[in-house]
Structure formats: structure tokens, C-alpha cells
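Quick notes on the structure that follows.
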Amino acid sequence: MFSFAVMDMTQILGYFGALLIGIVLGLIGGGGSILSVPIFVYLLAVNPVTATAYSLFVVGVSSAFGAIQNIKKGLVDFRTAIVFAIPAFIAVYITRKYVVPAIPSEIITFGNFTLTKDIAIMVFFAIIMLLASISMIRSRKETTQTTEAVKFNYPLITIEGLIVGLITGLVGAGGGFLIIPALVLLAKLPMKKAIATSLLIIAVKSLIGFIGDVENLDIDWRFLLSFTAVSVVGIFVGTYLSNFIDGKKLKKGFGFFVLIMGVYIIFKELF
Numbered sequence: 014m015f016s017f018a019v020m021d022m023t024q025i026l027g028y029f030g031a032l033l034i035g036i037v038l039g040l041i042g043g044g045g046s047i048l049s050v051p052i053f054v055y056l057l058a059v060n061p062v063t064a065t066a067y068s069l070f071v072v073g074v075s076s077a078f079g080a081i082q083n084i085k086k087g088l089v090d091f092r093t094a095i096v097f098a099i100p101a102f103i104a105v106y107i108t109r110k111y112v113v114p115a116i117p118s119e120i121i122t123f124g125n126f127t128l129t130k131d132i133a134i135m136v137f138f139a140i141i142m143l144l145a146s147i148s149m150i151r152s153r154k155e156t157t158q159t160t161e162a163v164k165f166n167y168p169l170i171t172i173e174g175l176i177v178g179l180i181t182g183l184v185g186a187g188g189g190f191l192i193i194p195a196l197v198l199l200a201k202l203p204m205k206k207a208i209a210t211s212l213l214i215i216a217v218k219s220l221i222g223f224i225g226d227v228e229n230l231d232i233d234w235r236f237l238l239s240f241t242a243v244s245v246v247g248i249f250v251g252t253y254l255s256n257f258i259d260g261k262k263l264k265k266g267f268g269f270f271v272l273i274m275g276v277y278i279i280f281k282e283l284f
């Protein structure tokens, strides 16, 4: 009876986490997806490899809802999205389909410590959390709209897309903190358009990456769809709350929270 009650409470906390993911996405336009893997792993006891796959699906669907809203507002630059997304989704699909399954269960041993696949994934994920937190804590300057034709730096955009796709494939996070600066610096997009366009890129590459997992993993569709549905509800709640709450101030505070979480995960996994 006690174990059932504990399990039931854990599930409730997990679904509350799903709601929180959506609310954060709705409030600050990103960052919420960085919570999904820790929630799956530490609250719901999902294997890290499966957790990153589930995260890709949640991130992809959630970002798609945000992208649709931005498309209606005319904020998405489709040409830039296509140029960036093609190398990104190729990299994330290959990573999920071939690279992740090829990583050995035990990578290397140092004395009494063995670096396993699960530990390596979570530590790398924590490092990404630290980088994302710095991006959220630092305030970005708005760029002005330009009437000049965009001149793409194709080699750098391709390299950036491949790197983002690889990272997304390994840790299951959207990588918006890498995509948005790239769109601003390499494609010269204003910040609002960069954020809007990044959501479309994240949606496409995350869902294509998840396709690479379907044949390799046993997916609990009932659980995954219900978790994602709660997260989507959270997006609408967060979008509504954004009318009353300053998202920029929240973003910096959330950045510090992600920083603490990243440090905690590193110490938990290694020590």
C-alpha cells in the first residue's frame, strides 16, 4: 500500500513537472524543455536514453504549438529555417538512430569508478544545462529590423546546424540557446524573428530525431502522449500568464535555477 502511494505521488509530481515545462515555455519562449530529461530520469525513473527520446517528442510537439502561433503572427523566416534545419535534422536523426545505440554501456573505468553510458549522458546533459543557464542569465540586446536582403553564411550555418543536431540528439534538449544567437549573428534576424524561427527549427529536428528512436526503443505511447498533452496545456497557461508577468525577469531567475540543477546533476552522477 505504501509503495503504491509513493509511486502514485511520484507520478503526480511528474505530471506537475510536465505542466511546469509548458508554463515556462509559454512564459519565456524557451528553456522549459531543459527540465524534461531530469523529470523523466529523477522523478519518473525513466532510463536516460529513453528519457532523451521522450524529451525530443515533448520538445518537438511543444515547439510546434509555439511555431504555429508565430507563423500566424508572421514572425517566422521560412528561408532561414530551411537553411538551418536541414543539416540539424540530418545530424539529430543520425545521432538518435546510430550514434546513441552504438555508445557502449561501460565507456571507461577509473579505479573504482566506471563511467557508464547513462552517467555520461546525464553529465553531458548537465553541461548543456550550465551553458543554457548562462545564455538565459545574460540579457540579449534587441537587434533592429533591416530591409537589406539577408546574406547567409552557408558554411557556418551548416556547421552550427550539425553541432546543434548532434547535441539535441545526445541530450534531447531543443538547443534554442545555440540556435537563437546563430540566427541573430549569421542570418541577421531581429531577436523576435530569431526566437520565432528557432521554435520551428526545434520542432522539426526534435520530431525527426525522435523518429530515429522509434525502431530502437520500446515507447510507452500512452504515457508519452498524456505527458505531452499536459505540457501543451501548460504552454497555453504560460502564454496567458505572460500577459501579466514580465518574461525577461523570469528568464534570468529561471537561468539561475537551471544553473543550480546542472551543478546538482554533475555532483549526483559523479560523486
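Using the working numbering, the first residue of the sequence shown is number 14, and each one after it goes up by one.
Where is the CB? At the ideal position from N, CA and C, for every residue including glycine.
Predicted, not measured: the structure shown is a model, and the values here were computed from it.
Excluding the 5 residues flanking residue i on each side, which residues of the same chain have their C-beta closer than 8 Å to its C-beta?
i    : result
S118 : T129 and K130
I278 : P51, M135, V136, F138, A139 and M142
V250 : L32, G35, I36 and G39
T160 : Interpretation of T160 is limited by its pLDDT of 49, a score under 50 that renders its predicted location unreliable; the figure taken from the coordinates is listed afterwards. So no residue of the chain qualifies.
Which one or two residues does DSSP pair with residue i in a beta bridge?
i    : result
T127 : T122
So residue i and residue j are in contact, right, with Cβ under 8 Å, and what is the actual spacing, rounded?
i    : j   : result
G222 : L69 : 5 Å
L263 : I81 : Not a contact, Cβ separation roughly 23 Å.
Below 7 Å CB to CB, which residues in the same chain sit around residue i once its five sequence neighbours on both sides are set aside?
i    : result
K205 : L88
I193 : A207, I208 and S211
A94  : T210, L213 and I214
K281 : none
F78  : V245 and I248
P61  : V54, D131, I134 and M135
Alpha helix (DSSP H) containing residue i: first to last residue?
i    : result
P61  : P61 to K85
P194 : G189 to L199
A58  : Careful: A58 lies outside any alpha helix (DSSP H) and carries neither H nor E.
L213 : M204 to V227
R109 : Note, R109: premise wrong, no alpha helix (DSSP H); not H, not E.
Q248 : Per the sequence presented here, residue 248 reads as Ile, with Gln not at that position. Where I248 is concerned, the enclosing alpha helix (DSSP H) stretches over W234 to L254.
P168 : Y167 to V184
Please confirm whether residue i and residue j have their CB atoms less than 8 Å apart.
i    : j    : result
V50  : A66  : no
G73  : S219 : yes
L56  : V246 : no
G178 : P114 : no
A186 : S76  : no
G275 : I150 : no
I47  : A195 : no
R109 : G182 : yes
I180 : Y106 : no
Can you name, in chain order, every residue of its own chain whose Cβ lies under 6 Å from the Cβ of residue i, other than the five neighbours on each side?
i    : result
L169 : L199
S148 : F190
Y28  : V243
F270 : none
F240 : A31
L272 : S146
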